[in-house]
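Inspection log for the structure reproduced underneath, given as structure tokens.
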Amino acid sequence: MTAQEAKIIIQELSDTINYHNTLYYQKSKSEISDFEFDQLLEQLSSLEKQFPALKLPDSPTQRVGGTITKEFENVMHQYPMLSLGNTYSFEELQEFDVRVAKGLDGDAYEYFCELKFDGVSISILYENGFLTRAITRGDGVRGDDVTTNVKTIRSIPLRITTKNIPSRFEVRGEIFLSKVAFAKLNKEREDIGEETYANARNTASGSIKMQDSTEVAKRKLNCYLYYLLGEGLGVQTHEESILKLEAWGFNVSPTYKKCKTIADVKAYIDLWGNKRGDLPLDTDGVVIKVNSLDQQEQLGFTAKIPRWAIAFKYKAQSLSTQLNNITYQVGRTGAITPVAELEPILLAGTTVKRASLHNANEINRLDLRIGDYVFVEKGGEIIPKVTSVDLSQRKADAIPVNYITHCPECRTELIRVEGEANHYCPNDKGCPPQIKGKIEHFIQRKAMDIDSLGERTIAQLYELGFIKTPADLYDLTKDNLTKLDGFKELSINNLLLGIEKSKQVPFESVLFAIGIRYVGKTVAEKLAKHFKTMDALMTANYGLLLATPEVGEKIAQSVVSFFNNEENVNEISRLKQSGLQFESTQKEPERLSNILDAKTFVISGVFKKYERDQLKDIIIANGGKVLSSISAKLNYLLAGENMGPAKLEKAEKLRVKIISEDEFEGMLKDISTR
Ligand code: IVH
233 MTAQEAKIII
243 QELSDTINYH
253 NTLYYQKSKS
263 EISDFEFDQL
273 LEQLSSLEKQ
283 FPALKLPDSP
293 TQRVGGTITK
303 EFENVMHQYP
313 MLSLGNTYSF
323 EELQEFDVRV
333 AKGLDGDAYE
343 YFCELKFDGV
353 SISILYENGF
363 LTRAITRGDG
373 VRGDDVTTNV
383 KTIRSIPLRI
393 TTKNIPSRFE
403 VRGEIFLSKV
413 AFAKLNKERE
423 DIGEETYANA
433 RNTASGSIKM
443 QDSTEVAKRK
453 LNCYLYYLLG
463 EGLGVQTHEE
473 SILKLEAWGF
483 NVSPTYKKCK
493 TIADVKAYID
503 LWGNKRGDLP
513 LDTDGVVIKV
523 NSLDQQEQLG
533 FTAKIPRWAI
543 AFKYKAQSLS
553 TQLNNITYQV
563 GRTGAITPVA
573 ELEPILLAGT
583 TVKRASLHNA
593 NEINRLDLRI
603 GDYVFVEKGG
613 EIIPKVTSVD
623 LSQRKADAIP
633 VNYITHCPEC
643 RTELIRVEGE
653 ANHYCPNDKG
663 CPPQIKGKIE
673 HFIQRKAMDI
683 DSLGERTIAQ
693 LYELGFIKTP
703 ADLYDLTKDN
713 LTKLDGFKEL
723 SINNLLLGIE
733 KSKQVPFESV
743 LFAIGIRYVG
753 KTVAEKLAKH
763 FKTMDALMTA
773 NYGLLLATPE
783 VGEKIAQSVV
793 SFFNNEENVN
803 EISRLKQSGL
813 QFESTQKEPE
823 RLSNILDAKT
833 FVISGVFKKY
843 ERDQLKDIII
853 ANGGKVLSSI
863 SAKLNYLLAG
873 ENMGPAKLEK
883 AEKLRVKIIS
893 EDEFEGMLKD
903 ISTR
């Protein structure tokens, strides 16, 4: 392919990806599957590696991450990020309205109401149409520069393509994890034996500060924008700002409303008070803003909060009901989850009968007794929570909780590892929910992807005695399957075909599928890339494992003990005999040229067009080497923004040549114009 041809294809692919992205995030429609979308991204990414100088500055490949930030730079906000005054009653809101009327000397005014989203506030700067910086709120004056992480949020435009936009402006909003994304993330964590997160807000906040942007990209964060700031924006009202944000392609929650009177505001508050449970994310109230920007200026600010806006906070939706019993569930990893069995109550539109109690510590913290009246709350999450005990209603005969000592399913004595909150059933090879759970884990889409097999079929195959471990799946016969309820020729063939096809899923998926505790999909990918074969991984010692990127002590220990178990080794060898992929097919970056032959590089800082991993691949593909520390022998320090001053000083002292992203591209010009 010539550079000219590549240029056209890169542009076309970028346009197509951006088109589908916009369709998905702004119009909630999709014309292609997630898989097809990822394939387009992959094609683009590989072309960009081949022709680095042709990569577009707003390339959608930035969405998949790739940078590691050890410490986020703390930077000053151009406009401070203030908070809002809170009210909890309509009376207080009326007092606010009186203050506004007074402050405006009797002039007419109107309000603009929005929901108050419970996420992490962010301020994003656009210069000449490009997203150039994103800063967390911090203390309101200074925040952390989390640009590379924010760029992975797909609903946030990397570039505004609308004509005649201001050359510089800031947008502010709330980054969040939807209730569905949060539930899915927790399910995935539970699946690999990690403790689950308590709530969506804290998880969103933790996610945006993660060091590895590839991980952030996987979190499926989203963002609603509600504020436009800058000079000469040509807007007179907050409503016009919101309409501009929408027109420029930002994700604005469609729940806003202009209100002429405080009575209209109350109607809005009441409306969403009833409907907020239906929203994709948690809201804890309503933000009421004076619509005219001139009037906002006239009203001004107190030391900390604007006089032109206020937040009305909803009371938590909480009711009390009786705790009838506590039951215990056993997960795939053997982790025990206590569940509160409640007297059914109607809470925020749904009947609540059960609530997770997480672990024994939580039961102690709440000081629960069977028969107690407990307060149940529906927060942002789909699953309700027991928040406290109504001690005033405690009866003398309330029964203290004796946490179970034996597995409710297989009667094996439970264990509790020091420092861990969960109790475990150690009978992983003989406890029915663990066995079935392991097979469910094995066949899931991210693993062996046998979609013709569901939870019910697995349960039946297990009960019929046909499967006890995942390897048994590959020994299933037509004859076995005829015993399944409702299985006819077509469904039998379909299932066998699905099992057969799974033999082709790549090694990293197999590695995830076999269910090593703490080895999620990302870690499986890193292990597959590093060790290349199952044999190499099986013989790797603790030290070797620890030297793998992303692998810490907990994971290394877990991998070692998994392969030290004879039954596991047996299972692996049966899977190997069935023909599953036990070797990585991930190729080393293809050698494209010798332009950087024997040249050494250290990569540091944040780059405009590339993630660090991509730069590394480009250097290797063109014959160069990437080192981790600066020495006198080093040829180049490839320096991005926000590079640590110590590194820079060392490079200068040792007279290492410091080059920018553009200069680096210049070195490669020749291969792009071949
Ligand atoms: S306006 C000067 N609008 O609430 C006023 N804030 O307590 C700027 N928030 O830091 C804020 N939804 O993180 C505004 N529709 C909304 C909001 C909102 C959530 C958060 C935001 C802010 C905090 C203030």
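One rule links them: number in this note's numbering = place in the sequence shown (from 1) + 232.
In this text, a Cβ means the ideal position worked out from N, Cα and C, and glycines have one as well.
Bear in mind that the values here come from a model prediction, so they are computed numbers and not experimental data.
Who pairs with C455 in a beta bridge, going by DSSP? By one-based count along the sequence shown, residue 455 stands at place 223. Per DSSP, I407.
Can you tell me whether M899 is buried or exposed? The criterion is at least 16 other CB atoms within 10 Å of its CB, across all chains shown. Against the sequence shown, residue 899 aligns to sequence position 667. Classification for M899: buried.
Measuring straight from C-alpha to C-alpha, what distance separates E406 and V858? Reading the sequence shown from its first residue, position 174 is the one you call residue 406. Reading the sequence shown from its first residue, position 626 is the one you call residue 858. Rounded to the nearest angstrom, the two C-alpha atoms are 38 Å apart.
DSSP state of G517 mapped onto helix, strand, coil: Against the sequence shown, residue 517 aligns to sequence position 285. DSSP places G517 in strand when its eight states are reduced to three.
Taking the runs of the beta strand (DSSP E) that are 3 residues or longer, which of them lie wholly in the region 559-583? Counting whole runs of 3 or more residues, the region 559-583 contains the beta strand (DSSP E) stretches 568-579.
Residue from V484, L336, L708 whose Cα sits closest to the Cα of K259: Your numbering for residue 259 matches position 27 in the sequence shown. The shortest Cα separation from K259 among V484, L336, L708 belongs to V484.
From T248, V373, S550, residue whose alpha carbon lies closest to that of S315: Indexing the sequence shown from 1 puts residue 315 at position 83. Cα-wise, what sits closest to S315 is V373.
In chain order, which alpha helix (DSSP H) runs of at least 4 residues are fully inside the region 379-430? List check, alpha helix (DSSP H) in window: 379-382, 411-423.
Using the beta-carbon count (16 or more within 10 Å), is A495 buried or exposed? Residue numbering aside, residue 495 sits at position 263 when the sequence shown is read from its first letter. A495 comes out exposed.
Please find out if some non-hydrogen atom of the ligand IVH comes closer than 8 Å to the beta-carbon of D350. Walking along the sequence shown from the start, residue 350 turns up at place 118. Indeed, a heavy atom of the ligand IVH lies less than 8 Å from the Cβ.
On the three-state DSSP scale, how would you describe T234? Numbered from its first residue, the sequence shown carries residue 234 at position 2. Looking at T234 - three-state DSSP - the assignment turns out to be coil, as it is neither helix nor strand.
Is there at least one non-hydrogen atom of the ligand IVH closer than 8 Å to the beta-carbon of S437? The residue labelled residue 437 in the question sits at position 205 within the sequence shown. No, since every heavy atom of the ligand IVH falls outside the 8 Å radius drawn around the Cβ of S437.
Shortest alpha-carbon distance to T364 belongs to which of I577, V412, T832, N381? Walking along the sequence shown from the start, residue 364 turns up at place 132. Of I577, V412, T832, N381, the smallest CA-CA separation from T364 is found for N381.
Mind checking R749: buried by the 16 CB within 10 Å criterion, or exposed? By 1-based counting over the sequence shown, the position of residue 749 is 517. Around the beta-carbon of R749, 16 or more other beta-carbon atoms lie within 10 Å, marking it buried.
Residue(s) in a DSSP beta bridge with G375: Position 143 of the sequence shown holds residue 375. For G375, which the question treats as bridged, DSSP gives the partners V307.
Would you tell me roughly how many angstroms separate the C-alpha atoms of Q282 and I241, rounded to the nearest one? Taking the first residue of the sequence shown as position 1, residue 282 is located at position 50. Taking the first residue of the sequence shown as position 1, residue 241 is located at position 9. Roughly 12 Å separates the two Cα atoms.
Own chain partners of G464 with C-beta closer than 7 Å, once the 5 adjacent residues on each side are dropped: For the purposes of this step, residue 464 is taken as the residue at position 232 of the sequence shown. Taken in chain order, the residues that qualify are P398.
Mark A836 as exposed unless 16 or more other C-beta atoms lie within 10 angstroms of its C-beta, in which case mark it buried. As a working mapping, residue 836 is identified with position 604 in the sequence shown. Per the sequence shown, the amino acid found at residue 836 is Ser instead of Ala. The C-beta of S836 has 16 or more other C-beta atoms within 10 Å across all chains shown, which makes the residue buried.
Can you tell which of M766, L713, L716 has its C-alpha closest to the C-alpha of F739? Taking the sequence shown and counting its residues from 1, one reaches residue 739 at position 507. Looking at the Cα atoms, M766 is the closest of the given residues.
Taking only runs of the beta strand (DSSP E) that begin and end inside the region 710-734, which ones reach a length of at least 3 residues, in chain order? The region 710-734 contains no whole beta strand (DSSP E) run of 3 or more residues.
In angstroms with no decimal places, state the Cα-to-Cα distance between F344 and L453. By one-based count along the sequence shown, residue 344 stands at place 112. By one-based count along the sequence shown, residue 453 stands at place 221. Between F344 and L453, the C-alpha separation is close to 26 Å.
Could you name the residues that DSSP lists as bridge partners for H638? The residue labelled residue 638 in the question sits at position 406 within the sequence shown. Per the DSSP secondary-structure output, H638 pairs in a beta bridge with E645.
Applying the 10 Å Cβ sphere with the 16-neighbour rule, what's the burial state of T905? Counted from its first residue, the sequence shown places residue 905 at position 673. Caution applies to T905, whose pLDDT of 43 falls short of 50 and renders its modelled position unreliable; the value that the coordinates give is listed next. Exposed, because fewer than 16 other Cβ atoms sit within 10 Å of the Cβ of T905.
Hey, quick one: how far does the beta strand (DSSP E) through Y750 stretch, first residue to last? The count along the sequence shown starts at 1 and reaches residue 750 at position 518. Premise fails: Y750 is in no beta strand (DSSP E) and is neither H nor E.
Could you say if the region 519-535 and the region 626-633 meet the contact criterion of at least three C-beta pairs nearer than 8 Å? No: fewer than three Cβ pairs fall under 8 Å.
Whole angstroms is fine: what's the gap from Y840's alpha carbon to T379's? In the sequence shown, counting from the first residue as 1, residue 840 sits at position 608. In the sequence shown, counting from the first residue as 1, residue 379 sits at position 147. Checking the sequence shown, residue 840 turns out to be Lys, not Tyr. Using only the alpha carbons, I get a separation of about 10 Å.
Throw me the rounded Cβ distance for the G566 and D660 pair, which I believe falls under 8 Å. Position 334 of the sequence shown holds residue 566. Position 428 of the sequence shown holds residue 660. Yes, they are in contact, since the Cβ atoms of G566 and D660 sit about 6 Å apart, within 8 Å.
Is the CB-CB distance between F401 and L460 below 9 Å? Here residue 401 corresponds to residue number 169 of the sequence shown, with the count starting at 1. Here residue 460 corresponds to residue number 228 of the sequence shown, with the count starting at 1. F401 places its beta carbon less than 9 Å from that of L460.
Could you pull out every residue in the same chain whose Cβ sits closer than 6 Å to the Cβ of M442, ignoring the five residues on either side in sequence? As a working note, residue 442 is residue 210 in the sequence shown. Setting aside the 5 residues that flank it on each side, M442 is surrounded in the same chain by V448, each with a C-beta closer than 6 Å to its C-beta; the list follows chain order.
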